[in-house]
Structure formats: C-alpha cells, structure tokens
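Keeping their order, the protein sequence lines are chains A and B. Following our numbering, the numbering of the first sequence begins with -13 at its first residue and continues without gaps. Following our numbering, the numbering of the second sequence begins with 77 at its first residue and continues without gaps. Everything on this sheet refers to the single structure shown next.
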Amino acid sequence: MLEARQLSLSIAEFALLQNIDLQINPGKVTAILGPNGAGKTSLLRLLTGESLPSSGEVIFNGAPLSQWQPKQRAKILSVLPQGSQLNFPFTAREVVMMGRIPHATGLIKDTEIVDAALNAVGGSYLDKRFYTQMSGGEKQRVQLARVLAQIWEADVSGDRFLILDEPTSAFDLAHQQLTLKIVRDFACQGVGVLMVIHDLNLAAGCADQLVMLNCGQIAAQGTPEAVLTTEMIQNVFNVDASIGVHPKTGAPLVIV
Amino acid sequence: MRRQSPPTFIFIVSLILVFALFLGLLSGAVDIHPSKLLGLFSLSNMDMDHRILQTIRLPRVLLAALAGACLASCGAVMQGLFRNPLADPSLIGVSSGASVGASCVIFFGGASLVGSGVGLPAITIGAFIGGLMATSVVYRLATSVTGTSVSTMLLAGIAITALAGATTSLFSFFADNEMLRRISLWQMGNLDGADWPRVATLALVVVPLMLVLPREGQALNAMLLGESEARHLGVAVERLKRRLILLTALGVGVAVAVSGVVAFVGLIVPHLVRLLIGPDHRYLIPGSAILGAALLLLADTAARTLMSPAELPTGVLTALLGAPFFIGLLLQQRQKRVG
C-alpha cells in the first residue's frame, strides 16, 4: 500500500498542500482531480519521493518511502512525469528498454517485455523510429510503454504501483480509451494505480476512487458517485454542471 | 544518418587509432623507417632514430592519444549530464581556470621552474590548480540543499569563464613581449613539451577514467530522459552528478594542464560518434575515447609535419580541421531534414 499521512508542503511560507491523508491500494485505480494549481502534481511529487514533505510522511509497502533503496524501489514503483525532456535520438525500443534498468533479468527476458509493452500501447510500429522524430502522442505512448515495462512483472520487493501524471493529455480518443484499458488491466494484476487526470468523465469511467483536490486540501474522496456531484463541481471548479448516468457503464457523467 | 552497429564502429576506429599511432611515430621533422620500430625498447641499440623515438616521438604520440581520449570521453559525459549535445568540457570552467593558472605562473616568472620532485613544469601544475579551482567555484554556485542544478551550472560556468578570461587578459596586458607570446602559445594548445613525466601524469588519471566512465553509461542514458525520470529508474541522481563532475573536472583539468587548451575535440568527437552509432552512452563513451585519441593524434602529426621543421600549435590545427568538418556535418543534416 502507498499511504500519505498528514502530508503538508509549504514553499516560502506558501502552503501548497495541507494535511493530506490518502491510501492507494493494490489492485485499485485512484484518480486525482482538481483545478489548475490545486496541488495535484505537488502531491504526486511527494508520493513518489521526488520532493520531501514539510511535515507528515509517505509509507510505501510498510516502510517510510525515504528509507527504500532507490534501486529496490524502482523495481516496483514506476512513475510517468508530465512532459519529457528527452531530445536525443534514441529509438522507441531503446527508450522502452530503459524501463528495465532497475532489473537484472537479462536481455532475452527484457526484449520480450519491451515487445509486449510496445504492443500494449499500440506502438509496435514505432520500434526502430527515432524518439525525436515522433509526434507528441507517439512520444507519450513510448514513455507510457517505458513505465509499464518497468513494473511489467511482479517482484519480491512488494506490491507494484504505477503513478501517471496526466497520461492521456496528448492522446486522441482511441488512445485515451486504450490507456484506460491498460490501467485497468494492470490493476487487475494487483498493481495499485494513481493518476492525475483532467477529464472528469474519463476519471469516472475508470477509477475506483476519486480524490478531489482544491487549494491544497482534499475537498472530497470516495467513489465517483460520491465525489462527482453538482455542488462539488460548483464549489471546486465554479462551474454549473449537471450529473447524468453513462448509458452503458452506469458511471456518473458530468455534463457542462 | 543510418546507424552503424557499435561493435563494428569501435573495431574500425580502433584500426584508425593503430594506424594513427604508427603514422605519428614514423613521421615528423625526421622520417623514420618502419623497421626501426622493431628494436624500440632495446637499450643496447642507441642510434639517432631510436633516441628520437624513445625520448621525443613516443611520449608525444602517447600524450596526444591520452589527451584526445580524455577530452572526447569527458565531452560525451558532459553532454549527457547537461542533456545538451552542445555542451563542452570547457563549460564548467576548467579550461578558462587553467588559463588563469598558467598565465599567472608565466607572469610571475615561474615558467622555467620545474615543480619539485614530480618533474612537471610549474605551468602544468598552475594550470591544473587553476582548472580545479574554477570548477569547484562553478559547482558550489550551482549546488544548494536541493541538489546541483544543471542549468545554474551552465550559467555559472559562463560567468566564471568570462571572469577567468578577463583575468588572463589582465595578465597578458601587463606582461612583456616574451611572456605574452608564451601565454598565447599556451592557450592555443600545444603538445610540444611532451616528455615521460607528463605522459605518466596523464596516464595516471586517464586510464582509471577510461575504466570508470563507461560503467556509468546506463545511468547517463536514464539521465537523458530527465532527472526525475532517472530517479524513478533507481539512479542516485545527486551522487551520479557529483561523481561525474568531479571525474570530468579531474580528467579535463589534467589534460589541459599538460597540453594547453586543445579546442573542439571534446565537442565534436562525441557529436560525431552519436551521429554514427546513436546516443547510447555504453558505446558512446568508449567510441568517443578511441576516436578522440585517433583524431588528436592525426591532428598533432599534421601540426608537426605540415611546416616541418617548424611546428604549428596543435589546438590551432584541431580547430582549423574540426570546424569546417563540423559545419559540413550540420549542412548534411539540414539537407536530410529538408529532403
């Protein structure tokens, strides 16, 4: 389990996050929602050890996150940050292969996993293409395949977690759906998934738990039905919305 | 450009290096017949050619190869660390700091002194100290509690380079004609002082460096994704940065100290190797080292022979040959993008 206990973060006396309590369970999909500047990315950075909280702590599989060896942690915690700075001409295969750096499973096994991960994101055709020459959506798929390859198989170190910061931002409709399906598949294998996502309906359609952040605090937390209400959306986004029901899945549908 | 397979590439550049070694040994103000190489290390056989080989050619050839390997592989590491294909070892202030150290020694009349015990000239020692001091200032400026910021380091490097350049100019301004000539010759990069103590000093740093740097290849690849990505892949990013900056500062510092500022090798060689075999540091670093050794060796041989018996400064030749070649490469790439 990945757990936040009373996390607070202030930078230069400005409180970015206040008293966040959160549990990410294995096998479940949790989505963080909220307006720009609500602290979503800051929270992800704390939960992944990228920055340290001003107070409170993050517990990862039974031990404080900061006490994990970086290599050991990387075997079971895989993180896709927003945007990518890579501007060297690696091929898609080479980029995805980097996801296997924490493991010592050998080239044959790693090659199989890279093939499977590229295939999962619909990127097999990108194999030998240069990252620098790809479109935004293709780059994002390759990066997604990389973080999937990193936790492709269960590891003795503990439960696996996948953390994604706006994984669908550059994707068309088909690839958005594909991403959500992949996320679901991983959750079914027992991976705990946490993602920041902007589209409320995408979140409602795939997450078990929604966390609504507003001004650095958790405004609401629970099932999609409990969180996505007219009042909540009015309070947090200052938008007048109607809540319907998705005709096929039965999930709440936010109509603006 | 189509990629070559890394093992083939490394095999080919190794052949070029061997060829360059022989060419460097045999040609110069006096051309030596290849048969003379056979008895190179026999002490009994002491004719003129052997003496030239043992005391002049061999140290010089080795010095050029070691300096080239060192500058090029440190360049490859810098470019990876800064995630910028235009980074150059001089960016962290090593070269300009070394210039200050060298011109300071020349100005205060230590140029003819030989440092006690080790047999190295005072200029070399001054340059080495100057280079390391400049780098440590740059490093400290860029390091805070949150770690070392690579972009601050670039800016600090530019500022320290400007400051060091001005200091060197001041020394030049107040220097007399003889000192001035020595200062500017040193800055052009020159291998003509090659002797065994310098070779030994350089080898002492470069050989371990060649063994250590390629091991960081995989971690450097991860760094190209971004610092947080590398961290999430289990790389101890701060430790890696500290170690690599220290190692490259040491490597470039000692290379510049023994050979002056040899322009362009650290920038152009890794760039070229990357175009040929791709950016994977596990092959890029050794590939750059071998090609850097071969190219500096060829450039130095040309510097010795073109106007023989007079010699051109090696650094002038590397820039004269390197720059047009680099421009050609850029043009070719541009055409590819258009076509």
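For every residue, glycine included, the Cβ atom is placed at its ideal position computed from N, Cα and C. Predicted model only: the values in this text are computed from it and were never measured.
For residue i, count the other beta carbons within 10 Å of its own beta carbon; 16 or more makes it buried, fewer makes it exposed. Which is it?
i                 : result
Thr235 of chain A : exposed
Asn47 of chain A  : buried
Gly415 of chain B : The predicted model places Gly415 of chain B with a pLDDT of 43, which falls under 50 and marks its position as unreliable, so this point remains unresolved.
Tyr111 of chain A : exposed
Gly193 of chain B : Any reading at Gly193 of chain B is ruled out, since the residue's pLDDT is 49, under 50, leaving its predicted position unreliable.
Asn125 of chain B : In the sequence under discussion, the amino acid at residue 125 of chain B is Asp, which differs from the Asn named in the question. Buried: at least 16 other Cβ atoms inside 10 Å.
Asp376 of chain B : buried
Phe74 of chain A  : buried
Ala78 of chain A  : buried
Asp252 of chain B : exposed
Gln53 of chain A  : exposed
Cys150 of chain B : buried
Leu114 of chain B : exposed
Gly241 of chain B : exposed
Asn22 of chain A  : exposed
Thr84 of chain B  : exposed
Lys167 of chain A : exposed
Leu406 of chain B : exposed
Thr97 of chain A  : exposed
Val94 of chain B  : exposed
Asn297 of chain B : buried
Considering only C-alpha positions, which residue in the set the options is nearest to residue i?
i                 : options                                   : result
Val177 of chain A : A:Ala(-10), A:Glu(-1) and A:Ile10         : A:Ile10
Thr222 of chain B : B:Leu139, B:Ser304 and B:Ala232           : B:Ser304
Val275 of chain B : B:Asp125, B:Ala96 and B:Gly144            : B:Gly144
Cys146 of chain B : B:Pro284, B:Leu407 and B:Thr211           : B:Pro284
Ser121 of chain A : A:Thr165, A:Ala156 and A:Ala227           : A:Ala156
Met154 of chain B : B:Leu287, B:Gly269, B:Ile344 and B:Phe98  : B:Ile344
Gly363 of chain B : B:Gly342, B:Leu138, B:Ala218 and B:Ala379 : B:Gly342
Leu8 of chain A   : A:Asp226, A:Leu164, A:Gly42 and A:Ile241  : A:Gly42
Val68 of chain A  : A:Gly123, A:Gly109 and A:Leu104           : A quick correction: the sequence has Gln, not Val, at residue 68 of chain A. Nearest option by C-alpha distance: A:Gly123.
Arg358 of chain B : B:Thr381, B:Ile201, B:Phe184 and B:Glu292 : B:Glu292
Leu300 of chain B : B:Phe85, B:Arg159 and B:Leu129            : B:Arg159
Gln129 of chain A : A:Val107, A:Gln220, A:Ala(-2) and A:Ile62 : A:Val107
Ile236 of chain B : B:Gly207, B:Thr219 and B:Leu256           : B:Gly207
Gln4 of chain A   : A:Gln(-8), A:Gly13, A:Lys14 and A:Met181  : A:Gln(-8)
Val181 of chain B : B:Asp164, B:Ser172, B:Ile199 and B:Leu142 : B:Ile199
Ser81 of chain B  : B:Leu360, B:Gly368 and B:Leu102           : B:Leu360
Lys61 of chain A  : A:Asn105, A:Leu148 and A:Gln220           : A:Leu148
Phe62 of chain B  : B:Ile366, B:Leu367, B:His347 and B:Arg380 : Chain B is shown only over 77 to 415; residue 62 of chain B falls outside these bounds and no answer can be derived.
Pro161 of chain B : B:Ala379, B:Arg350, B:Thr381 and B:Ala203 : B:Arg350
Arg170 of chain A : A:Ala193, A:His184 and A:Asp185           : A:Ala193
Thr233 of chain B : B:Thr211, B:Leu157, B:Asp123 and B:Ser220 : Checking the displayed sequence, the identity of residue 233 of chain B turns out to be Gly instead of Thr. Gly233 of chain B has its Cα closest to that of B:Thr211, out of B:Thr211, B:Leu157, B:Asp123 and B:Ser220.
Taking the CB atoms as reference points, tell me whether residue i and residue j lie closer together than 8 angstroms.
i                   : j                  : result
Pro39 of chain A    : Leu32 of chain A   : yes
Phe249 of chain B   : Ile259 of chain B  : no
Val338 of chain B   : Gly302 of chain B  : no
Leu322 of chain B   : Leu230 of chain B  : no
Ala178 of chain B   : Ala370 of chain B  : no
Ile229 of chain A   : Thr216 of chain A  : yes
Asp151 of chain A   : Thr16 of chain A   : no
Leu(-12) of chain A : Ser(-4) of chain A : no
Leu373 of chain B   : Gly100 of chain B  : yes
Leu134 of chain A   : Ala90 of chain A   : no
Pro153 of chain A   : Leu66 of chain A   : yes
Leu134 of chain B   : Ala279 of chain B  : no
Ala173 of chain A   : Val182 of chain A  : no
Gly20 of chain A    : Val222 of chain A  : yes
Val214 of chain B   : Gly169 of chain B  : yes
Output needed in chain order: residues of the segment 49 to 79 of chain A with a Cβ under 9 angstroms from some Cβ in chain B. Gln55, Pro56, Lys57, Gln58, Arg59, Ala60, Lys61, Leu63, Ser64, Val65, Leu66, Pro67, Gly69, Ser70, Gln71, Leu72, Asn73, Phe74, Pro75, Phe76 and Thr77
Quick check: the segment 107 to 116 of chain B against the segment 329 to 336 of chain B, are there 3 or more CB pairs under 8 angstroms? no
Do three or more CB pairs link the segment 191 to 206 of chain A to the segment 85 to 93 of chain A at distances below 8 angstroms? no
Contact residues within the segment 307 to 320 of chain B, judged by C-beta distance below 8 angstroms to chain A: Arg307, His308, Leu309, Gly310, Val311 and Ala312
Name the residues in the segment 332 to 366 of chain B whose C-beta lies less than 7 angstroms from a C-beta of chain A; which are they? Gly354, Pro355 and Asp356
Chain B contacts from the segment 27 to 38 of chain A (Cβ-Cβ distance under 9 angstroms): Arg31, Thr34, Gly35, Glu36 and Ser37
Does the count of Cβ pairs from the segment 226 to 233 of chain B and the segment 353 to 360 of chain B closer than 8 angstroms reach three? no
Contact the segment 82 to 95 of chain B vs the segment 220 to 234 of chain A: 3+ CB pairs below 8 angstroms: no
Can you pull out the residues from the segment 83 to 94 of chain A whose beta carbon lies closer than 7 angstroms to at least one beta carbon of chain B? Met84, Ile87 and Pro88
Interfacial residues, the segment 146 to 175 of chain B to chain A, with Cβ spacing under 8 angstroms: Arg159 and Pro161
Taking three-plus beta-carbon pairs below 8 angstroms as touching, is the segment 309 to 324 of chain B in contact with the segment 278 to 292 of chain B? yes
Touching by the beta-carbon criterion (3+ pairs, under 8 angstroms), the segment 161 to 169 of chain A and the segment 139 to 147 of chain A: no
Check distances from the C-beta atoms of the segment 271 to 300 of chain B to those of chain A and list, in chain order, the residues that come in under 9 angstroms. Gln294, Ala295, Asn297, Ala298 and Leu300
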